[in-house]
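FYI, full-length UniProt numbering numbers position 4 of the sequence shown as 4, with every residue one higher than the one before it. Input: a single structure, listed below in structure tokens.
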Amino acid sequence: MRHRKKFNHLGRKSAHRKAMLANMASSLILHKRIKTTVAKAKALRMYVEPLITKTKDLNTVEERIHAQRTVFAYLKDKYAVKELFGEVAAKVADRPGGYTRILKLGNRIGDNAEMCLIELVDYNENMLESKKSSSAGKRTRRGRRKATTADSTVAAEAPAQESAEPTSESTEAESKE
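Here's what the structure looks like:
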């Protein structure tokens, strides 16, 4: 039984698993999107999201250097650390969490493994554009029927009032003459 076992061992020894996750995390940071299996992507998400969180709220130089050294101990790639603390940290500065997205692709031909894309959320321009366009024209359907009936009754009363006013004005004009 695996009660209270937090992470997936992925069928590997600990040294192999740590090296694989470090390589995958570096590739994800450098390329912003990688294709892998769903199990590895879920393990990678648990590995990389705390590292991205370490790039936030660094006020002093000492804090920044300490965070960079801590992340380097996990990633073992200085170019990935530089990218993470440069461009990626600037993009995720206002995001409260959830830095990665897993998009399932289907099963692999050879062994029928479930495949997916794991990507950094702020770097998918297609989803960002669709989110901006959909949020601008997004409306709720709650209370739509009531609003429609209320609008139709107001619209029905408005022409009646307009047609009544000219007749009263015409009668007032006739009475003055």
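Glycine residues also receive a C-beta, built at the ideal position from the N, C-alpha and C atoms.
The bridge partners DSSP lists for Gly-106 are Met-115. In its chain, beyond the 5 residues on either side, Leu-117, Ile-118, Glu-119, Leu-120, Tyr-123, Asn-124 have a beta carbon closer than 8 Å to the beta carbon of Arg-33. In this structure, the beta-carbon distance from Thr-55 to Ala-73 does not fall below 8 Å. Secondary structure at Lys-35: strand, using DSSP grouped into helix, strand and coil.
Exclusion of the five residues before and after Asp-77 leaves Ser-26 as the residues of its chain whose Cβ lies within less than 7 Å of its Cβ.
With fewer than 16 other Cβ atoms inside 10 Å of its own Cβ, Ala-93 counts as exposed. A distance below 8 Å separates the beta carbons of Leu-28 and Val-48. In this structure, Leu-10 sits away from Ala-41, with a CB-CB distance that is not shorter than 8 Å.
Residue pairing for Arg-101: DSSP places it in a beta bridge opposite Glu-119.
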